Amino acid sequence: MMGSIYTCPMHHAVRHVGPGSCSICGMALEPMMPADAEDDSAVRSVSRKFWICAALSVPVVAAAMLPHVFGSHFSLATARVLRAVELLLSAPVVLWAAADYYRRGWLGIANRSPNMYTLIGLGVLIAYLYSLAATFVPGAFPPEMRDQHGMVGVYFEVGATIITLVLLGEWLELAARGRTSVAIRQLLGLAPKSARRIRSDGTEEDVPIETLVVGERVRVRPGEKIPVDGRVTEGRSAVDESMLTGEPLPVDKRPGDPLIGATINTNGALTMRAEKVGAATMLAQIVQMVAAAQRSRAPMQRLADVVAGWFVLAVISVAALTFLAWGLFGPEPGWVYGLINALSVLIIACPCALGLATPMSIMVATGRAATQGVLFRDAAAIELLCTIDTLVVDKTGTLTEGKPTFERVIAAPGFSEDEVLRLAATLDQGSEHPLAHAIVEGARARKLVLGKVEQFESAAGIGVRGVVDGKRLALGNTNLMDEDGIAWSSMRDAAEQLRQTGASAMLLAVDGTIAGLLAVSDPIKATTPEALAALRADGIRVVMATGDGWTTAREIARRLGIDDVVGELKPADKVALVARLQSEGRRVAMAGDGINDAPALAKAHVGIAMGTGTDVAMHAAHVTLVKGDLRAIARARTISQQTVRNMRQNLAFAFVYNALGVPIAAGVLFPWTGLLLSPLIAALAMSFSSVSVVGNALRLRTASA
Numbered sequence: 005m006m007g008s009i010y011t012c013p014m015h016h017a018v019r020h021v022g023p024g025s026c027s028i029c030g031m032a033l034e035p036m037m038p039a040d041a042e043d044d045s046a047v048r049s050v051s052r053k054f055w056i057c058a059a060l061s062v063p064v065v066a067a068a069m070l071p072h073v074f075g076s077h078f079s080l081a082t083a084r085v086l087r088a089v090e091l092l093l094s095a096p097v098v099l100w101a102a103a104d105y106y107r108r109g110w111l112g113i114a115n116r117s118p119n120m121y122t123l124i125g126l127g128v129l130i131a132y133l134y135s136l137a138a139t140f141v142p143g144a145f146p147p148e149m150r151d152q153h154g155m156v157g158v159y160f161e162v163g164a165t166i167i168t169l170v171l172l173g174e175w176l177e178l179a180a181r182g183r184t185s186v187a188i189r190q191l192l193g194l195a196p197k198s199a200r201r202i203r204s205d206g207t208e209e210d211v212p213i214e215t216l217v218v219g220e221r222v223r224v225r226p227g228e229k230i231p232v233d234g235r236v237t238e239g240r241s242a243v244d245e246s247m248l249t250g251e252p253l254p255v256d257k258r259p260g261d262p263l264i265g266a267t268i269n270t271n272g273a274l275t276m277r278a279e280k281v282g283a284a285t286m287l288a289q290i291v292q293m294v295a296a297a298q299r300s301r302a303p304m305q306r307l308a309d310v311v312a313g314w315f316v317l318a319v320i321s322v323a324a325l326t327f328l329a330w331g332l333f334g335p336e337p338g339w340v341y342g343l344i345n346a347l348s349v350l351i352i353a354c355p356c357a358l359g360l361a362t363p364m365s366i367m368v369a370t371g372r373a374a375t376q377g378v379l380f381r382d383a384a385a386i387e388l389l390c391t392i393d394t395l396v397v398d399k400t401g402t403l404t405e406g407k408p409t410f411e412r413v414i415a416a417p418g419f420s421e422d423e424v425l426r427l428a429a430t431l432d433q434g435s436e437h438p439l440a441h442a443i444v445e446g447a448r449a450r451k452l453v454l455g456k457v458e459q460f461e462s463a464a465g466i467g468v469r470g471v472v473d474g475k476r477l478a479l480g481n482t483n484l485m486d487e488d489g490i491a492w493s494s495m496r497d498a499a500e501q502l503r504q505t506g507a508s509a510m511l512l513a514v515d516g517t518i519a520g521l522l523a524v525s526d527p528i529k530a531t532t533p534e535a536l537a538a539l540r541a542d543g544i545r546v547v548m549a550t551g552d553g554w555t556t557a558r559e560i561a562r563r564l565g566i567d568d569v570v571g572e573l574k575p576a577d578k579v580a581l582v583a584r585l586q587s588e589g590r591r592v593a594m595a596g597d598g599i600n601d602a603p604a605l606a607k608a609h610v611g612i613a614m615g616t617g618t619d620v621a622m623h624a625a626h627v628t629l630v631k632g633d634l635r636a637i638a639r640a641r642t643i644s645q646q647t648v649r650n651m652r653q654n655l656a657f658a659f660v661y662n663a664l665g666v667p668i669a670a671g672v673l674f675p676w677t678g679l680l681l682s683p684l685i686a687a688l689a690m691s692f693s694s695v696s697v698v699g700n701a702l703r704l705r706t707a708s709a
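Position 553 of the sequence shown, counting from 1, maps to 557 under our numbering, and the rest follow consecutively.
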């Protein structure tokens, strides 16, 4: 991993080749892309340091406590021996184990961004230097600060214990971060290492998966993993896609159906053609999206960032004021009290819990969501999704299967059915829309010979244009016909009758004259009614927006119980619809799968793309549903709600902890209760706060969806 790029979990602008520490906050850097095998070298290094320091610190604390337990029974010689033990055993902890913390703290000062290690280093060094002075030049201290042997009290055990506890906290944090990357490593581990390539002469060979190129044919035997993304060319089988989509039931595959790399072929032999390899596969894209989302910053973190930016300076100021106030106005020995309380302030106010509050929650949530077929683009999407109250959904490929089938063709006078279908299919060869694929397949089923299209032009959302056999063609909905000034009223009744059955009717014009219409039906997804019911139960208003005609749109909406429906929309109209709903104060999510949906996906507060749709839609969206199943929106909202609640708990805990801890450490309760907070207790409290935040974030891994 030495050649990998590492980044700070809190400051993502910091990039470094190989491991290191952040120049701003001092935290240990982590790889931008976790390896497929866990690298626990950092965890082992910190744990080794911790156990060494613990072994040294325990006798230091014991040596410091013995005089307090036995009091005057100790002779001067014994006291000196115990002091020597404290000095010798604490030195490796303070001077060796803590050296990296001092460096991180100094980097923060040098970069004008004091951090938690600045506080830790300052507190430990002050305690240690004071103790060295008290040991070697006790005469420099006032008589009231010396005991019956003339020795001054020291804090070697404080410095050693603080460093040991900080190491314990870092060990637990690194281990927790490793667990949050399990989802990515599991995804990386799904990819097969080899594939059975079919040569041009028909023979087969096993080759490393990295050597496959687009267009090559691959044999997938029962029980084997699909090596890359592609399409079935021969055979039939059921493929288990649960590891990527979260859906438990295997999916039947036949020639022409798509295959996702890393899924498992269960019972039949398949021959496939590779379409996406390497970084272009869905698995690779999922890993990239999850890793990027885990590194992103939640909007809620901005408050913590603003506070943390001034927090360290404020704490140092409070510690200095505490020292002066106790020294000048406190009871004797005031300066000793001042030093102890200033150290407690520096240690207990360490802002590590504040810094971990939201990043840990985001890391856990994105990993968990990925295993359930939901990909969040960034932390903002997680935070925003739970606020959504309106969902605008496209029809084709979102509410419906997105695999339309050709039904029939009706020719206008002067044209034959086969000619209308052949011209429409030839033109549609250049379109990515599912309706176009259905027309092409319908023509091939009739064994019609398709020609070559020239000057192909996609009028997104309303149809396509082009030249076939020297004829200027336009194929699409009524908006396209009106835009081109083509009279289509002769086909109005036939089109309306087809739409009343839920079919989509497309009109074909040849050289400006209506030539016929083609009907394509797209069945509603079996999971759509259940998904819509769950969304309504969650208080979500559902609006169907489609480029299909009003009659078709209303029929589909009627079947699904959707009251709000808008038909015959162009891409710009969908954007305008989203904008209008937003202007009404609605928090809008848009779900779609096509190129024509991309502008609206980007405009919405949260864009939700179907993983079965186009790359353009997925790039414009904030959330991707790998399987394209709307039920995953409900799962994603639950994860969003749990994550936001978890982040708020973490931030509240960090803020309340510091708001209460700093005044107590400064000694504000002493005049009424006589209570002072030992630096050792402050160190324990600081470690406990960080561990609590990490532990609370890890609860998201097992929270019920």
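C-beta atoms are modelled at their ideal positions from N, C-alpha and C, and glycine is treated no differently.
Being a predicted model, the structure only gives us computed values, none of them experimental.
C-alpha distance - residue i paired with residue j, whole-angstrom precision
i       : j       : result
Val-281 : Ala-374 : 21 Å
Ser-494 : Asp-577 : 27 Å
Ala-195 : Leu-350 : 49 Å
Ile-637 : Leu-629 : 8 Å
Ala-164 : Val-156 : 18 Å
Thr-532 : Arg-635 : 7 Å
Gly-723 : Ile-320 : Since the first residue of the chain shown is 5 and the last is 709, residue 723 is not available in this structure.
Trp-492 : Arg-381 : 44 Å
Thr-285 : Ala-440 : 24 Å
Asp-553 : Met-485 : What sits at residue 553 in the sequence shown is Gly, not Asp. Their Cα atoms are separated by approximately 13 Å.
Ala-580 : Ala-383 : 26 Å
Pro-147 : Glu-336 : 11 Å
Leu-263 : Val-316 : 54 Å
Ile-366 : Lys-257 : 36 Å
Gly-565 : Arg-450 : 37 Å
Ile-352 : Ala-46  : 25 Å
Proximity below 8 Å, CB of residue i to CB of residue j
i       : j       : result
Gly-434 : Phe-410 : no
Gly-455 : Asp-597 : no
Ala-369 : Ile-344 : no
Cys-390 : Ser-587 : no
Leu-287 : Gly-260 : no
Ala-429 : Glu-421 : no
Pro-96  : Leu-129 : no
Leu-379 : Lys-529 : no
Ala-137 : Ser-348 : no
Closest by C-alpha distance to residue i, when choosing among the options
i       : options                            : result
Val-424 : Val-472, Val-397, His-437          : Val-472
Ala-346 : Val-162, Trp-100, Asp-568          : Val-162
Ala-68  : Ile-56, Leu-92, Val-648            : Leu-92
Ile-230 : Ser-198, Gly-632, Ile-202          : Ser-198
Ala-701 : Phe-692, Trp-676, Asn-654, Leu-86  : Asn-654
Phe-674 : Gly-467, Arg-540, Phe-333          : Phe-333
Gly-125 : Ala-138, Tyr-105, Ile-392, Ala-137 : Tyr-105
Gly-632 : Glu-228, Glu-209, Ala-519, Ala-535 : Ala-535
Leu-328 : Glu-90, Gly-671, Leu-679           : Gly-671
DSSP bridge partner residues for residue i (one or two, in chain order)
i       : result
Val-524 : Phe-410, Ser-508
Lys-475 : Val-472
Pro-262 : Arg-235
Leu-395 : Val-546, Ala-593
Glu-3   : What the structure shows of the chain is the stretch from 5 to 709, and residue 3 is not part of that stretch, so it cannot be assessed.
Val-349 : Partner(s): none; Val-349 has no beta bridge.
Val-217 : DSSP output for Val-217 lists no bridge partner at all.
Ser-241 : Lys-257
Other residues of its chain near residue i: CB distance less than 7 Å, five sequence neighbours each side excluded
i       : result
Arg-1   : The question about residue 1 has no answer here: the residues shown for the chain are numbered 5 through 709.
Asp-244 : Pro-254, Thr-267, Ile-268, Thr-270
Val-582 : Val-396, Val-592, Met-594, Ala-604, Lys-607, Ala-608
Ala-507 : Glu-411, Ala-523, Val-524, Ser-525, Thr-556
Ala-361 : Ala-308, Met-651, Asn-654, Leu-655, Ala-658, Val-697
Ala-538 : Arg-635, Ala-638
Ala-498 : Ile-414, Leu-521
Own chain residues within Cβ distance below 6 Å of residue i, not counting five before or after
i       : result
Gly-250 : With a pLDDT of 45 at Gly-250, under the threshold of 50, the modelled position of that residue is not reliable, and no figure is offered here.
Asp-515 : Lys-475, Arg-476
Lys-53  : Ala-101, Leu-171
Beta-carbon contacts of residue i that lie in its chain and below 8 Å, excluding the five residues immediately before and after
i       : result
Leu-216 : Ala-199, Arg-201, Val-222, Pro-231, Val-232, Ala-278, Val-281
Ile-392 : Ile-544, Arg-591, Val-592, Ala-593, His-609, Val-610, Arg-641
heavy atom of the ligand SAH below 7 Å from residue i C-beta
i       : result
Ala-670 : Annotation note on the ligand SAH: not contained in the displayed structure, which lists no ligands.
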